Amino acid sequence: KTSRTTAPQTHPNVIFTGKSAQMTCELLTQVLLEILSNRHKHDQDQELKELCRELSGALNSRTSLFSKILAAAHIVRFLKCVGELLSSNHYDIVEQQHITSLLQIVISENCAVWGNFLIANVAGLNGLTNLLSNRNLLVQIGLSHFATSKPVSDSPNQAWLPCMICSDDPWYQDYQHVAKLIAKPNLTVSNISEWASNMAAKGTKETWKARGLLLLAVYHVHWTQNKDCPAVVEWAELASKRQSIPQTACLNLTADEAVCIKFIAKGPRSPLITDPSQSCGFSFIFSSDSLAQKNKDDESLRSVYVSALAVVLGSPRNRLYYYTPLLNPDQMSSTIGLGTGYANVSRDCGYKMDLVANSFCFVDSSPIATPFGNDDTSRLLNNSLIYISLAWNALLFPQHQNALASLFSFATAKDEPFSGASTVPKIAAHVIYATRRAGTFF
1088 KTSRTTAPQT
1098 HPNVIFTGKS
1108 AQMTCELLTQ
1118 VLLEILSNRH
1128 KHDQDQELKE
1138 LCRELSGALN
1148 SRTSLFSKIL
1158 AAAHIVRFLK
1168 CVGELLSSNH
1178 YDIVEQQHIT
1188 SLLQIVISEN
1198 CAVWGNFLIA
1208 NVAGLNGLTN
1218 LLSNRNLLVQ
1228 IGLSHFATSK
1238 PVSDSPNQAW
1248 LPCMICSDDP
1258 WYQDYQHVAK
1268 LIAKPNLTVS
1278 NISEWASNMA
1288 AKGTKETWKA
1298 RGLLLLAVYH
1308 VHWTQNKDCP
1318 AVVEWAELAS
1328 KRQSIPQTAC
1338 LNLTADEAVC
1348 IKFIAKGPRS
1358 PLITDPSQSC
1368 GFSFIFSSDS
1378 LAQKNKDDES
1388 LRSVYVSALA
1398 VVLGSPRNRL
1408 YYYTPLLNPD
1418 QMSSTIGLGT
1428 GYANVSRDCG
1438 YKMDLVANSF
1448 CFVDSSPIAT
1458 PFGNDDTSRL
1468 LNNSLIYISL
1478 AWNALLFPQH
1488 QNALASLFSF
1498 ATAKDEPFSG
1508 ASTVPKIAAH
1518 VIYATRRAGT
1528 FF
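Each step along the sequence shown adds one to the number in the working numbering, with nothing skipped, and position 391 is 1478.
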């Protein structure tokens, strides 16, 4: 992207400015990428050697606009080539010093862009897992913050939280404990109450954590096996009413929070896709029909949605923004949206952008600074969590859909009506919109 004041001049009588300059640069970048991609198409080693040589030269001679565009094209092709090698576990090639040095130089210039771009070009769960567990390589190239331990369990269609699969995660043993408890053939409310009381005795933080871990365990141990867990259903009901079990075993559970846990504990159900006022996407993806189909996309998204729900329930309700769209969406219309580009209005996805200092930046009119700044990956994660929470609310609390409908200004871009609103009832339109956004942002 170029400055409007330093646009390229390709002819004495033609000066490109504004959108013309941007379009020209983007077109030129695509042409260069096409040329680079077609060279040595069947010889990856030779291509990488050539790219390293040319990239080194391009990085050291970025004096003109064209040379900067050429360097960017080389970076893109270089990172794509490295990503392909990492996907096929050719670490012997990637870990050569001249390659890791180039990766470090490129990523250090803009980690949020080039670091994420490299990871995005590593295909397959195995390839990504191998990269993120290779701490030595990640440290060398400046991506140590992505490092994690090697998972102890493999399931290609699940989105696992670290506490479930990483043995060195501080919550790993707690999750394993509750997962084994939930798997007991004759599980009783007393068993769950005893475990909950023991967790609560460790402190307030452990009380919140126990709620999230319990939800994860019930989903992965019972729901995914097409089973219900009556003991957890009964425990959640009693805990929310503070009845028949010790107060320390209630985990500070409210009636609405209990609804979330009971929904998973009751197991898969028949989809409610015939009712237009229901959350069609979530209603089907959490149905017995969806489970039986074993669709990889559904399995992956479903585990993401459950993980997000567990994170919200496992956090103090007054400390996490996403609790509001999950259980109190009626309050959002009077709040400042997290990452919104509009002052004092909870509106849009936070993707309003302005050209600042020759680059595009996110606009935050909120007087409260967002925790993620100008980072695209964090923005997308934030938007995913907001809309996942809204979609959960639409599914679990259909009686609250008037509140969801009141968020029309939030659930659309400014002055942009929901497509199909003329043919879909207003409340249903917002429900469908929320479920659609939940998946697309992720």
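Beta carbons are placed, not taken as given, at the ideal position from N, Cα and C, and that holds for glycine.
Since the model is a prediction, treat every value here as computed from it, not as a measurement.
Within the same chain, A1342 come within 8 Å of K1328 by CB-CB distance, once the 5 residues on both sides are set aside. Ranked by how close their Cα comes to the Cα of C1198, the residues S1151, V1226, D1384 and P1485 have V1226 in first place. Just so you know, the alpha carbons of L1468 and A1478 end up roughly 15 Å apart. Linking T1187 to V1169 through their CA atoms gives a straight-line distance of about 10 Å. Less than 8 Å divides the Cβ of Y1410 from the Cβ of V1399. Bridge pairing for R1524: absent [DSSP]. Counting along the chain, the unbroken alpha helix (DSSP H) around W1295 starts and ends at T1291 to V1308. Nearest in C-alpha terms to D1315, of all of I1351, D1385, A1336 and D1255, is I1351.
Closest in C-alpha terms to L1205, from the list S1220, I1228, Q1184 and H1185, comes I1228. Distances from the alpha-carbon of A1287 to those of Y1259, C1347, A1158 and T1335 put T1335 closest. Rounded to the nearest whole angstrom, the C-alpha separation of N1339 and W1295 is 8 Å.
Nearest neighbour of H1161 by Cα position, chosen from W1201, L1172 and P1249, turns out to be W1201. Annotation for W1322: V1276 and I1279 place their beta carbon closer than 6 Å to its own, counting only its chain and skipping 5 residues before and after. Straight through space, the alpha carbons of L1268 and P1416 are spaced by roughly 34 Å. Under a 10 Å Cβ-count criterion, S1476 is classified as buried, with 16 or more other Cβ atoms of the shown protein chains found around its own Cβ. Excluding its 5 nearest sequence neighbours in each direction, W1258 has C-beta neighbours in its own chain below 6 Å: C1250, listed in chain order. The three-state secondary structure of R1404, taken from DSSP, is coil. DSSP places E1321 inside the alpha helix (DSSP H), whose first and last residues are P1317 to K1328. Taking C-alpha positions only, L1215 is separated from S1254 by approximately 18 Å. Under DSSP, R1356 shares a beta bridge with S1374.
For the pair Q1260 and M1419, the Cα-to-Cα distance works out to about 37 Å. Between L1166 and N1208, the C-beta spacing is below 8 Å.
N1313 is the residue among L1396, K1383, N1313 and A1326 whose C-alpha sits nearest the C-alpha of R1356.
For I1192, same chain residues with a beta-carbon under 8 Å away, outside a window of 5 residues either side, are L1146 in chain order. L1138 and A1525 have their C-alpha atoms roughly 38 Å apart. By the C-beta density criterion, N1480 is buried, having at least 16 other C-beta atoms within 10 angstroms.
Going by C-alpha positions, V1393 is about 47 Å away from L1152. Excluding sequence positions up to five before and after W1310, its CB lies within less than 7 Å of the CB of I1351, G1354 and P1355, all in the same chain and listed in chain order.
With 16 or more other Cβ atoms inside 10 Å of its own Cβ, T1522 counts as buried. The closest CA to that of G1299, considering only P1317, Y1262 and L1173, is found on Y1262. Taken through DSSP and simplified to helix, strand or coil, C1168 comes out as helix. L1482 sits away from F1371, with the two beta carbons spaced by 8 Å or more.
Counting along the chain, V1276 sits inside the alpha helix (DSSP H) bounded by residues V1276 to A1287. When the Cα atoms are used, W1247 and V1391 turn out to be separated by approximately 8 Å.
With a beta-carbon spacing of about 16 Å, V1320 and A1270 fall beyond the 8 Å limit used to define contacts.
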